[in-house]
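Reviewing the structure listed below.
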Amino acid sequence: MKKFLLIPLVIVLVSGLIFGGCKAAPKAPEEILIGLPAAVTGGAAGFGKGGIFGYRAAVEDINKLGGIYIEEYGSKLPVKLIVVDNESNPLKAGTLAEDLILRDKAKFLVNVGPLDFNPAMAEVAERHKIPHMGGPGPYESWQAMRTEVTPPWEYSWIISFAIATPAAEGDFRHGKLGYSMFDVWLGALKDIIGETNKKVALLASDDPDGRGWYHAFAPQAQGIGCETYRTEEEFGLVPMETTDFTSIIMEWKDANCELLWSNSPASFYGAFARQAHTLGYYPKQVFATRGGLFYTDIQAWGGDLPNGVCNEMFWHPSIEGCRGIGDTTPMSLHERWVEETGLPKHTVMGWCYAIAQVLFDAIERAGTLDGAEINKALAETDMITIYHRVVFDEEQYSRVPVAFGQWQKTDKPWVWENPIVYSSHDFMPATADLIFPIPYE
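Heads up: the sequence shown begins at 1149 in our numbering, then just goes up one per residue.
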């Protein structure tokens, strides 16, 4: 009898040893939460409008595929994007990011730019060891801010452009044109610079983006034989709250500065341009980075002020050799935008879609939602996105291809379009001719 009783006991013990050693998979969360404090309203809403659309489109596309596969849980999890309005106030970006993490339990942070909104979010990401990804903003300005702290921010990853700093040796972009704002600008200028007096007026709002750009651009312009008017005195680098530009405009007009290059918010540049036209200052060529990027912003300047204004061109729906999630292409993403908004293309839309692609890819490769592990996966990124190839350097920065655009009047319902007028990239070709000089009426 004892012998028969021992048999079930042995089976129970052996089963316990076999199955007790197999850990059950941890309970998976219902969804992957990503926090996005963005300018929904206010002066930087041009960034928010397209950026939010891009992120939402990427989330929609990944969820159509069932979500992101997480090895730790042995299943796919859907993604949820939580958007909050920072009201175009950089001071609110950090507070909102903190709230998204503590209250909403966001595991990741993303941003839409501009640059001065990023540092506060980077600080929060560092404190909570949560990956933070973003875009629009110059390499030089971002690195200056990132390296002001010790150690430099380790949880922030930027996909953006350089003003003039070349990619390091060993980077696939090393030695190639079209990965900095200045070499694209120089390429566009080469055919027209001889028709100017090479006198440049530099206008910038005194914020991190504007100041970094001003001090990077002035020596580069001088290096190609241009005269930058009183830049050694920071003439033209003016406080954000400036509303009367009369004295600056009159000096540039009297000095006959035929080239105007600027970096500021759109409303800032719009106020300047209206006053410049009233005072009779008509540069032959105008370059308005940041302020001249978005249709809704330039339209608000009024009249024909946008005509002929140039800007660096980032993502464009005509870009070739790029892919989104599932069957999304650059052009199909653009078509979704037009159908929903009735507006022409938005460059930050594709940019932010690409940022989301990179984050999703890193999460899947890490196989976990642990921030430190995903941070390691981001460092190993090498992928083709809807905005071309993304590879981060040692400074956690990936340079995007840049071209040169110009606002031109059309007979379409929205009137203004911003075609590529110069490019160094065969996969991002020019789609129109540069208008020079600007035809003022």
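Cβ atoms here follow ideal geometry from the backbone N, Cα and C, with glycine treated the same way.
In the DSSP assignment, what residue or residues form a beta bridge with Glu1565? In the sequence shown, the residue the question calls residue 1565 occupies position 417. For Glu1565, which the question treats as bridged, DSSP gives the partners Gln1556.
Give me the residue from Phe1265, Gly1214, Lys1212 with the minimum Cα distance to Ala1233. As a first step, residue 1233 is located in the sequence shown; it is residue number 85 there, counting from the start. Position check: residue 1233 holds Asp in this sequence, whereas Ala was assumed. Ranking Phe1265, Gly1214, Lys1212 by Cα distance to Asp1233 puts Phe1265 first.
Distance, Cα to Cα, Lys1359 vs Lys1212? Residue 1359 sits at position 211 when you count from the first residue of the sequence shown. Residue 1212 sits at position 64 when you count from the first residue of the sequence shown. What sits at residue 1359 in the sequence shown is Arg, not Lys. A direct Cα-Cα distance of roughly 43 Å separates Arg1359 from Lys1212.
Which residue or residues does DSSP assign as beta-bridge partners of Asp1445? By 1-based counting over the sequence shown, the position of residue 1445 is 297. In DSSP, Asp1445 forms no bridge with anything.
I need the boundaries of the alpha helix (DSSP H) containing Thr1516, first residue and last residue. Counting from 1 along the sequence shown, the entry for residue 1516 is found at position 368. Under the DSSP assignment, Thr1516 falls outside any alpha helix (DSSP H); it carries neither an H nor an E label.
Once DSSP output is grouped into helix, strand and coil, what is the label at His1536? Indexing the sequence shown from 1 puts residue 1536 at position 388. His1536: strand per DSSP, three-state reduction.
Distance check for Ala1270 and Gly1318, CA to CA, integer angstroms please. Taking the first residue of the sequence shown as position 1, residue 1318 is located at position 170. Taking the first residue of the sequence shown as position 1, residue 1270 is located at position 122. One Cα belongs to Gly1318, the other to Ala1270, and the distance between them is close to 27 Å.
Cβ-based burial, Leu1385 [other Cβ within 10 Å; buried from 16]: The residue you call residue 1385 lines up with position 237 of the sequence shown. Counting the other Cβ atoms within 10 Å of the Cβ of Leu1385 gives 16 or more, which makes it buried.
Measure the beta-carbon distance from Tyr1588 to Ala1578 and round it to whole angstroms, keeping in mind my assumption that it falls under 8 Å. Translated into the one-based positions of the sequence shown, residue 1588 becomes position 440. Translated into the one-based positions of the sequence shown, residue 1578 becomes position 430. Contact doesn't hold; Cβ gap of about 24 Å is too wide.
How is the alpha helix (DSSP H) around His1482 delimited, first residue to last? As a position in the sequence shown, residue 1482 is number 334, starting the count at 1. 1478 to 1489 is the extent of the alpha helix (DSSP H) around His1482.
Hey, quick one: how far does the beta strand (DSSP E) through Arg1438 stretch, first residue to last? The count along the sequence shown starts at 1 and reaches residue 1438 at position 290. 1433 to 1438 is the span of the beta strand (DSSP E), which, as asked, contains Arg1438.
Can the beta-carbon of Phe1201 be found less than 7 Å from the beta-carbon of Val1260? Taking the first residue of the sequence shown as position 1, residue 1201 is located at position 53. Taking the first residue of the sequence shown as position 1, residue 1260 is located at position 112. Going by C-beta atoms, Phe1201 is not nearer than 7 Å to Val1260.
Give me the DSSP bridge partner(s) of Met1461. For the purposes of this step, residue 1461 is identified with residue 313 of the sequence shown, where counting begins at 1. Under DSSP, Met1461 forms a beta bridge with Ala1551.
Do you know how far the Cα of Asp1530 is from the Cα of Phe1320? By one-based count along the sequence shown, residue 1320 stands at place 172. By one-based count along the sequence shown, residue 1530 stands at place 382. Approximately 11 Å between the Cα atoms of the pair.
How many angstroms separate the CA atom of Ile1306 from the CA atom of Gly1490? On the sequence shown, position 158 is the one that residue 1306 refers to. On the sequence shown, position 342 is the one that residue 1490 refers to. Rounded to whole angstroms, the separation of the alpha carbons of Gly1490 and Ile1306 is 30 Å.
Rounding to the nearest angstrom, what Cα-Cα distance links Arg1513 and Glu1521 in this structure? Translated into the one-based positions of the sequence shown, residue 1513 becomes position 365. Translated into the one-based positions of the sequence shown, residue 1521 becomes position 373. Rounded to the nearest angstrom, the two C-alpha atoms are 9 Å apart.
Extent of the continuous alpha helix (DSSP H) to which Gly1183 belongs: Residue numbering aside, residue 1183 sits at position 35 when the sequence shown is read from its first letter. Segment 1180 to 1186 is the beta strand (DSSP E) holding Gly1183; no alpha helix (DSSP H) there.
What span of residues does the alpha helix (DSSP H) with Phe1195 cover, start to end? Mapped onto the sequence shown, residue 1195 falls at position 47. From DSSP, the alpha helix (DSSP H) with Phe1195 extends over 1193 to 1212.
Member of Ile1532, Pro1431, Val1548, Lys1557 whose CA lies at the smallest distance from the CA of Gly1282: The residue given as residue 1282 occupies position 134 in the sequence shown. The option with the nearest alpha carbon to Gly1282 is Val1548.
Take the Cβ of Asn1404 as the centre, count every other Cβ of all protein chains shown within 10 Å, and call the residue buried at 16 or more, exposed below. Counted from its first residue, the sequence shown places residue 1404 at position 256. Exposed.
Euclidean distance between Cα positions of Lys1432 and Gly1242: Reading the sequence shown from its first residue, position 284 is the one you call residue 1432. Reading the sequence shown from its first residue, position 94 is the one you call residue 1242. For Lys1432 and Gly1242, the distance between alpha carbons rounds to 41 Å.
Count the other CB atoms within 10 Å of the CB of Ala1316; is the residue buried (16 or more) or exposed (fewer)? Your numbering for residue 1316 matches position 168 in the sequence shown. Ala1316 should be labelled exposed.
Which one of Met1329, Leu1181, Lys1224 has the shortest CA to CA distance from Arg1204? Numbered from its first residue, the sequence shown carries residue 1204 at position 56. Checked all of Met1329, Leu1181, Lys1224; the closest Cα to Arg1204 is Leu1181.
Since Gly1439 contacts Ala1414 with CB under 8 Å, what's their CB separation in whole angstroms? Counting from 1 along the sequence shown, the entry for residue 1439 is found at position 291. Counting from 1 along the sequence shown, the entry for residue 1414 is found at position 266. The distance from the Cβ of Gly1439 to that of Ala1414 is about 4 Å, consistent with a contact at the 8 Å cut-off.
In terms of residue numbering, what span does the beta strand (DSSP E) encompassing Asp1233 cover? Residue numbering aside, residue 1233 sits at position 85 when the sequence shown is read from its first letter. The continuous beta strand (DSSP E) containing Asp1233 extends over residues 1227 to 1233.
For Ser1289, which three-state DSSP category applies? Counted from its first residue, the sequence shown places residue 1289 at position 141. The three-state reading of DSSP puts Ser1289 in helix, counting H, G and I together.
Could you tell me whether the segment 1551 to 1569 touches the segment 1497 to 1513, where touching means 3 or more Cβ pairs closer than 8 Å? The count of Cβ pairs closer than 8 Å, one atom from the segment 1551 to 1569 and one from the segment 1497 to 1513, stays below three, leaving the stretches out of contact.
Thinking C-alpha only, which one of Leu1526, Asp1518, Gly1418, Glu1219 is nearest Asp1541? In the sequence shown, residue 1541 corresponds to position 393, counting from 1. Among Leu1526, Asp1518, Gly1418, Glu1219, the Cα nearest to that of Asp1541 is on Leu1526.
For Glu1302 and Trp1361, I'd like the C-alpha separation in whole angstroms. Numbered from 1 along the sequence shown, position 154 holds the residue referred to as residue 1302. Numbered from 1 along the sequence shown, position 213 holds the residue referred to as residue 1361. Near 24 Å, if we compare the C-alpha coordinates of Trp1361 and Glu1302.
Counting C-beta neighbours from all protein chains within 10 Å, is the total for Met1388 16 or more, i.e. buried, or is it exposed? Counting from one through the sequence shown, the residue named residue 1388 turns up at place 240. With fewer than 16 Cβ atoms within 10 Å of its Cβ, Met1388 is classed as exposed.
By how many angstroms is the C-alpha of Pro1267 removed from the C-alpha of Met1293? As a working note, residue 1293 is residue 145 in the sequence shown. As a working note, residue 1267 is residue 119 in the sequence shown. Roughly 7 Å separates the two Cα atoms.
Classification of Ser1223 by the beta-carbon crowding that lies within 10 angstroms, buried from 16 upward: As a position in the sequence shown, residue 1223 is number 75, starting the count at 1. Exposed: under 16 other Cβ atoms inside 10 Å.
How big is the Cα-Cα spacing for Thr1295 and Glu1543? In the sequence shown, the residue the question calls residue 1295 occupies position 147. In the sequence shown, the residue the question calls residue 1543 occupies position 395. Roughly 10 Å separates the two Cα atoms.
When the Cα atoms are used, what is the spatial distance from Gln1423 to Glu1399? Along the sequence shown, read from residue 1 onward, the residue named residue 1423 stands at position 275. Along the sequence shown, read from residue 1 onward, the residue named residue 1399 stands at position 251. Spanning the two alpha carbons is a distance of roughly 13 Å.
Check whether the Cβ of Glu1565 lies closer than 7 Å to any Cβ atom in chain B. Given the protein chain composition of this structure (a single chain), no chain B is represented.
Might you give, ordered along the chain, the residues of its own chain that have their beta carbon closer than 7 Å to the beta carbon of Asp1355, omitting 5 neighbours on each side? As a position in the sequence shown, residue 1355 is number 207, starting the count at 1. Here Asp1355 has Asp1264, Met1388 as same chain residues with Cβ atoms under 7 Å from its own Cβ, once five neighbours each way along the sequence are excluded.
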